[in-house]
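Undergrad:
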Amino acid sequence: MARERVAEGVKQGITSIQGLIAQGRGECFDYLLGERTTPSAEAATKAAAALLLLAKRPSLSVNGNVAALAPDEMVELAAVLNAPLEVNLFHRSEERVKKIADLLRQKGARKVLGEHPDATVPGLEHARALATRGGIYDADVVLIPLEDGDRCEALLSMGKKVIAIDLNPLSRTAKKATVSIVDNILRAVPNLTKQARLLSEVPIAEADRAVREYDNERVLREAVQEIQDHLGAQFLE
Ligand code: PTJ
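Residue numbers (the working numbering): 3 to 239.
1. How many whole angstroms separate the CB atoms of residue 49 and residue 194, which I take to be in contact at a CB cut-off of 8 Å?
2. Short of 6 Å in beta carbon distance, which residues of its chain neighbour residue 28, apart from the five on each side in sequence? Order them along the chain.
3. Any idea which residues DSSP pairs residue 88 with across the strands?
4. Nearest by alpha-carbon distance to residue 75: which of 231, 187 and 120 is it?
5. Given 7 Å as the limit, tell me if residue 161 has its C-beta closer than that to any heavy atom belonging to the ligand PTJ.
6. Quick one: complete alpha helix (DSSP H) runs, 4+ long, within the region 169–238?
7. Put residue 167 into one of helix, strand or coil per three-state DSSP.
8. Pair every Cβ in the region 206–224 with every Cβ in the region 64–80, then say whether three or more of these pairs are closer than 8 Å.
9. Using the Cβ count rule (16 or more neighbours within 10 Å means buried), how would you classify residue 1?
10. Mind checking whether residue 121 and residue 112 have CB atoms under 8 Å apart?
11. Within its chain, find whatever has a CB closer than 6 Å to the CB of residue 137; leave out the 5 residues flanking it on each side and keep chain order.
12. What's the call for residue 130, buried or exposed, on a 16-neighbour Cβ count within 10 Å?
13. Between which two residues does the beta strand (DSSP E) harbouring residue 144 extend?
14. Report buried or exposed for residue 30, applying the criterion of at least 16 other Cβ atoms within 10 angstroms of its Cβ.
15. In the DSSP assignment, find the alpha helix (DSSP H) that holds residue 159 and state where it starts and stops.
16. Is the region 33–53 in contact with the region 196–210, if contact means three or more CB pairs nearer than 8 Å?
Next up, the structure:
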């Protein structure tokens, strides 16, 4: 089903052709993880929700794969956090930016940025550096699902906290991000919304603690161990 959504995204001009390769890689890692939300991903999701709730200016990045796979889910998360969605493409074309922005608005998004970038992220080649003030450019916490390593590092260099959603626990993005959710975006974003709702109903100290106690390197080691355990269990069957 997810593969069909991404293929349809390419046909509609929403997803890049390279997005198909990213989808294939994601499917492979999801298979290795057992196509489930693991305990380490749960822990990362709670810390990510806490970071987003504590943020002064959270911002959510949307690319062609995210728009094909989870547009409704991203719009709902943005509403719960009262955060803007920003279309931010690696293989940028103005036409694709507009199609994705239109799709998000059609799904009910209140604030969609990215069509009129007015700033650049230092350290990236021009088209890939484009960002918007009031969105990713001056956000303190940015959610980057299915993102490449250079962009993740460039945002961190600006002093931002970066939350990645990436099924590959060995990717540069996952290793560098402040919080890496090693889970399928289809499961991760609804879980993130649920956690954000739960945390917003308890004292703020709970969110503070979730952030303070979080250790991304430990979570990534656990994700790799979860893959090994899952594969080991396959051989025992
Ligand atoms: O729309 P654009 O032009 O911005 O391009 C978007 C892609 C995704 C093509 C671009 O950012 C890219 O090339 O990304 P990468 O370097 O292929 O990284 C994508 C990462 O997302 C890989 O580590 C995949 O394993 C992971 N991934 C793929 N599908 C999913 C996923 N992670 C979570 N959920 C998925 N469904």
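Cβ atoms here follow ideal geometry from the backbone N, Cα and C, with glycine treated the same way. As the structure is a prediction and not an experimental result, all values here were calculated from the model.
TA: Let me lay it out:
1. On the sequence shown, position 47 is the one that residue 49 refers to. On the sequence shown, position 192 is the one that residue 194 refers to. Actually they are not in contact, since the Cβ atoms of residue 49 and residue 194 sit about 10 Å apart, beyond 8 Å.
2. As a working mapping, residue 28 is identified with position 26 in the sequence shown. Counting only Cβ-Cβ distances below 6 Å, and skipping sequence neighbours, we find 169.
3. Taking the first residue of the sequence shown as 1, we reach residue 88 at position 86. Residue 88 is bridged to 63 and 115.
4. The count along the sequence shown starts at 1 and reaches residue 75 at position 73. That would be 187, whose Cα lies nearest to the Cα of residue 75.
5. Here residue 161 corresponds to residue number 159 of the sequence shown, with the count starting at 1. For the ligand PTJ, not one heavy atom lies less than 7 Å from the Cβ of residue 161.
6. Qualifying alpha helix (DSSP H) stretches, in chain order: 174–178, 187–202, 206–214 and 218–238.
7. Numbered from 1 along the sequence shown, position 165 holds the residue referred to as residue 167. DSSP, reduced to helix, strand and coil, places residue 167 within a strand of the structure shown.
8. With the cut-off at 8 Å, the region 206–224 and the region 64–80 do not touch.
9. Here the chain has residues from 3 to 239 only, and residue 1 is not among them.
10. In the sequence shown, residue 121 corresponds to position 119, counting from 1. In the sequence shown, residue 112 corresponds to position 110, counting from 1. Not a contact, by the Cβ cut-off of 8 Å.
11. Along the sequence shown, one-based indexing puts residue 137 at 135. Closer than 6 Å at the Cβ level, and outside the excluded window around residue 137, lie 61, 86, 88 and 115.
12. Numbered from its first residue, the sequence shown carries residue 130 at position 128. It is buried - the Cβ of residue 130 has at least 16 other Cβ atoms within 10 Å.
13. Residue mapping note: residue 144 aligns to position 142 of the sequence shown, counting from 1. Its beta strand (DSSP E) spans residues 143–147.
14. Start at 1 with the first residue of the sequence shown, and residue 30 comes out as number 28. Exposed, by the Cβ-count rule.
15. Translated into positions along the sequence shown, residue 159 becomes position 157. Note, residue 159: alpha helix (DSSP H), 151–159.
16. Contact between the region 33–53 and the region 196–210 is present: three or more C-beta pairs spanning the two stretches fall below 8 Å.
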